[in-house]
Amino acid sequence: MNKDIIIIGGGVVGCAVARLLSRYDASIALLEGGSDVADGASKANSGIVHAGFDAKPGSLKAKLNVEGARMYPELCAEVDAPYGRPGAMVLAFNEEERPTIEKLYQQGIENGVPEIRIIEHDEILELEPSVNPDVVCALLVPTSGLTSPYELTCALADHAAVNGVEFMIETFVNKIERVEGGYKLDTTKGEMTARIVINCAGVNSAKLHNMLSDKELTIIPRKGEYYLLDHTKPLQFTMTMFQCPTKMGKGILVSPTVHGNLLLGPTATDVEDGTAVETTAEGLKWAADAARLTWPKENLRTVITTFAGIRAHESNGDFVIGAVDGNPGAYETVGVESPGLSAAPAIAEYLVDMIEKAEGLTRKAEWKPAPKREKPFYAMTLEERAELVKRDPLNGALVCRCEQVTEAEIRAAIRRPVGARTIDAVKRRTRAGMGRCQGGFCSPRVLEILAEELNLDPTEITKCGGKSNLLVGTIAEAAGKENA
Ligand SMILES: Cc1cc2nc3c(=O)[nH]c(=O)nc-3n(C[C@H](O)[C@H](O)[C@H](O)COP(=O)(O)OP(=O)(O)OC[C@H]3O[C@@H](n4cnc5c(N)ncnc54)[C@H](O)[C@@H]3O)c2cc1C
579 MNKDIIIIGG
589 GVVGCAVARL
599 LSRYDASIAL
609 LEGGSDVADG
619 ASKANSGIVH
629 AGFDAKPGSL
639 KAKLNVEGAR
649 MYPELCAEVD
659 APYGRPGAMV
669 LAFNEEERPT
679 IEKLYQQGIE
689 NGVPEIRIIE
699 HDEILELEPS
709 VNPDVVCALL
719 VPTSGLTSPY
729 ELTCALADHA
739 AVNGVEFMIE
749 TFVNKIERVE
759 GGYKLDTTKG
769 EMTARIVINC
779 AGVNSAKLHN
789 MLSDKELTII
799 PRKGEYYLLD
809 HTKPLQFTMT
819 MFQCPTKMGK
829 GILVSPTVHG
839 NLLLGPTATD
849 VEDGTAVETT
859 AEGLKWAADA
869 ARLTWPKENL
879 RTVITTFAGI
889 RAHESNGDFV
899 IGAVDGNPGA
909 YETVGVESPG
919 LSAAPAIAEY
929 LVDMIEKAEG
939 LTRKAEWKPA
949 PKREKPFYAM
959 TLEERAELVK
969 RDPLNGALVC
979 RCEQVTEAEI
989 RAAIRRPVGA
999 RTIDAVKRRT
1009 RAGMGRCQGG
1019 FCSPRVLEIL
1029 AEELNLDPTE
1039 ITKCGGKSNL
1049 LVGTIAEAAG
1059 KENA
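For what it's worth, the working numbering labels the leading residue of the sequence shown as 579, then goes sequentially.
Written out as structure tokens, the structure is:
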């Protein structure tokens, strides 16, 4: 396969880059090694659109975080992804932490974060009555937002796909080398070439960089473990509650999600293996103990799952975004750890502007708008639901009871431009399996629907690609083997 442009990695950054590049007259493919887009850090993070007070003033992180956060409301409306702006607080629990709050305030002012101010004990408890009453002061950040990172990534991918970007899933790049007129990629789906390559490979981005450049970069994979609690009404906290940051990151948080669950975590532990997303008893205990400082009446009875994500921490601490030194036509986004989700729209704009100028790309006459989705069934009024069911009975066939997801919604997710191919991919697009039974009830039916829609045998359907098949054969076949 030969393309003008190949993007490596289908996380939020790769998909945001693909979406903006789809405005140009070029043949483009995005190669994703996992079984879906949003298979790396973009599926397992806090989902916070940070306002930008935490990043070091003058850094690329600070600039692109503030710019990205500013772009979020319009972008999410345009591509039809969830976004909310509940605000955040960074809490100090003793006077020794006050200077940290003051420093964050100053950094926020320098970085251009609007509306921030320091508030004291009484106002904190008035705004968030469940906070530890020992709290002394806090930085109030009204513009801190929330999104659904995987839904946003899928929406960006869909918009790129309707404008011609080819998405190649389960296509892992093993090797990249410079050749006459471009680059040759050795992938799990064969050899590919392109005039321009863009490395957005998250935790693997430094490895690809080092295949081209002798100015070595190092990614330290840094694991973050979480508890996810069920959505309850009223939710204990309305804003994202941070503690004072540490040298390992933004510290433990207690935060609502954009879908009204509560999130506790993340830990921050350096690990060898950038794919090691299992949770550990030790990490989770640490997270629960640490979160209790914010929420003394912490109640873990409504925990529905735990999960972990891996940050791509570059040893120099800033994002590395731009042209790969000494390699014309090669570009990269390396070390995109937090606030990478918040910065993603601005990272894409920054990089694509650079590529347009350097490579002489020209815009297409038409850039199609992003596909719109039906309002989710769970968000509809009873009257809206009744109307919908009248149109098509599949709109009334509830597959996921916990999250109120219908068969019509699952079929639509599989038929999207970058459609779901696995049970987890359906979950990320529809929320089927996200609820308190974690797919115990709906997975068999989701599997059947996937098999029907994709015209595959049910034994070929996986949870998340690779060898994660749920079924191995029929009972009759198993009985036959036993009797043989
Ligand atoms: C615990 C945690 C909490 C976080 N919280 C926040 C937050 O609240 N707010 C915020 O702004 N940011 C947060 N972040 C950071 C944010 O998640 C990341 O910055 C962002 O998701 C990075 O996106 P990406 O596209 O660069 O990387 P990824 O999402 O990791 O995508 C890279 C993709 O490349 C693919 N890939 C890798 N190697 C290859 C290869 N060789 N060939 C083909 N494909 C390949 C991977 O499968 C993956 O899908 C958090 C991160 C973590 C881990």
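Positions of the beta carbon are idealized from the N, C-alpha and C atoms, including for glycine.
- As the crow flies, the alpha-carbon of tyrosine 805 is around 49 Å from that of glycine 759.
- According to the DSSP assignment, threonine 678 belongs to the alpha helix (DSSP H) that extends over 676 to 689.
- According to the DSSP assignment, valine 709 belongs to no beta strand (DSSP E), since it is labelled neither H nor E.
- For alanine 886, the pairing in a beta bridge is given by DSSP as Glu803.
- Separation of serine 1021 and glycine 1011 (C-alpha to C-alpha, rounded to the nearest whole angstrom) is 7 Å.
- When C-alpha distances from glutamate 769 are compared across Thr1000, Asn580 and Thr959, the shortest belongs to Asn580.
- Looking at Asp603, Gly686, Asn741 and Gln684, the one whose alpha-carbon comes closest to that of proline 947 is Asn741.
- With contact defined as three or more Cβ pairs closer than 8 Å, the stretch 597 to 615 and the stretch 880 to 891 are not in contact.
- Only residues of its own chain outside the window of five on either side were considered, and among them none has a CB closer than 6 Å to the CB of alanine 990.
- The Cβ-Cβ distance between threonine 835 and glycine 625 falls below 7 Å.
- Secondary structure at leucine 608: strand, using DSSP grouped into helix, strand and coil.
- Taking a 10 Å sphere around the C-beta of lysine 811, we find fewer than 16 other C-beta atoms and assign the residue as exposed.
- The stretch 1037 to 1044 and the stretch 993 to 1009 touch, with three or more beta-carbon pairs separated by less than 8 Å.
- The alpha carbon of proline 720 has as its nearest neighbour, out of Ala924, Asn710, Ile696 and Ala865, the alpha carbon of Ile696.
- In the DSSP secondary-structure assignment, isoleucine 754 is bridged to Leu763.
- Residue Ile584 holds the alpha-carbon nearest to the alpha-carbon of valine 751 among Ile584, Gln1016 and Arg994.
- In the displayed model, valine 657 falls within a helix according to three-state DSSP.
- With a cut-off of 6 Å, the C-beta of alanine 779 is classified as near ligand 1, since at least one heavy atom of the ligand falls inside that distance.
- With a threshold of 16 other beta carbon atoms within 10 Å, lysine 621 meets it and is buried.
- The beta carbon of threonine 731 is closer than 6 Å to those of Val590, Cys593, Val615, Ala616 and Ser620 in its chain, skipping five residues each way along the sequence.
- In this structure, alanine 633 and asparagine 643 form a Cβ contact; the two beta carbons are roughly 5 Å apart against a cut-off of 8 Å.
- Arginine 695: member of the beta strand (DSSP E) spanning 695 to 698, first to last residue.
- Aspartate 582: member of the beta strand (DSSP E) spanning 580 to 586, first to last residue.
- Distance from the CA of phenylalanine 671 to the CA of threonine 959, rounded to the nearest whole angstrom, comes to 42 Å.
- One alpha carbon belongs to glutamate 755, the other to lysine 681, and they sit about 45 Å apart.
- Remark: C-beta atoms of leucine 717 and valine 668 approach each other more closely than 7 Å.
- Counting only runs of 4 or more residues that sit fully inside the stretch 840 to 907, the alpha helix (DSSP H) segments are 859 to 872, in chain order.
- The three-state reading of DSSP puts glycine 1058 in helix, counting H, G and I together.
- If the five residues before and after leucine 598 are omitted, its C-beta is found closer than 8 Å to the C-beta atoms of Ala926, Glu927 and Val930, all from its own chain and listed in chain order.
- The straight-line gap separating the alpha-carbon atoms of glutamate 698 and cysteine 715 is approximately 4 Å.
- Considered as a whole, the stretch 959 to 1020 harbours 976 to 978 as its complete beta strand (DSSP E) runs of no fewer than 3 residues, in chain order.
- Contact between the stretch 771 to 786 and the stretch 902 to 914 is present, with at least three C-beta pairs closer than 8 Å.
- In this structure, the C-beta of leucine 609 approaches ligand 1 to less than 6 Å from one of its heavy atoms.
- The count of Cβ pairs closer than 8 Å, one atom from the stretch 932 to 950 and one from the stretch 819 to 831, stays below three, leaving the stretches out of contact.
- For asparagine 777, the enclosing beta strand (DSSP E) covers residues 768 to 777.
- In the three-state DSSP reduction, glutamate 910 falls in the strand class (E or B).
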